[in-house]
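>
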Amino acid sequence: MYQNRDEVRQVYLDVWSKMQAKSLLEPMESLIADVIELHPEYHKLLDDGEEIKQQDYTPELGQTNPFLHMGMHIAIREQAFADRPAGIKLLHQNLIFNRGQHEAEHAMIECLGHSLWSAQRNNHTPDEALYLACLRKL
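For reference, each letter of the sequence shown is one residue, going 0 to 137 in numbering that gives the first Met the number 0.
This is the structure:
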């Protein structure tokens, strides 16, 4: 699908532009737009257009990568929709019921991030059982 960071970031910028113009969105664009709307703190960054595409975000400087953050929201929603890993859909629904969607997804992002970090560090695929165990603790 998308080959590099600039292409992924361009999708967000294109969706943001369509949102501003109140243009019709494709289904995936609607999902991205919903996540963008949840994050007004990123709207000014998206207004910067090309400049934001080249920005590096480093945790060492206390920076959150807005594209990674929004992408994690999208990943959580896609996992819940597909119920992959099995059981995540119900966990997602229960957390939304108890915390609201945005707060629930932020909690889930912590588990997803840890799972991905661990897999990368250990050079293996993410452990779905550990990921689900983390989610169940929420």
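Quick reminder that beta carbons are idealized off the backbone N, C-alpha and C, glycines included. Note that the structure is predicted; figures quoted are calculated from it, not measured.
#1: In the DSSP assignment, find the unbroken alpha helix (DSSP H) run with GLN92 in it and report its ends.
#2: Out of GLU28, ARG135 and ASP55, point me to the one whose CA is closest to ILE87's CA.
#3: Roughly how far, in whole angstroms, is the beta-carbon of VAL7 from the beta-carbon of PHE66, given that I think they are within contact range, below 8 Å?
#4: Among the candidates LEU23, ASN93 and HIS68, whose CA atom is the shortest distance from the CA of ALA79?
#5: Where does ASP47 sit, in a helix, a strand or coil, going by DSSP?
#6: To the nearest angstrom, how far is it from the Cα of ARG120 to the Cα of ASP126?
#7: Which stretch, first to last residue, makes up the alpha helix (DSSP H) that contains PRO26?
#8: For HIS38 versus MET69, is the C-beta distance shorter than 8 Å?
#9: Rounded to the nearest angstrom, how far is the Cβ of LEU60 from that of ILE51, given a contact under 8 Å?
Taking the structure as given:
#1: 87–98
#2: The shortest Cα separation from ILE87 among GLU28, ARG135 and ASP55 belongs to ARG135.
#3: So it is a contact: roughly 7 Å between Cβ atoms.
#4: ASN93
#5: Coil at ASP47, not helix or strand.
#6: 12 Å
#7: 26–36
#8: yes
#9: Contact flag wrong, Cβ pair sits at about 16 Å.
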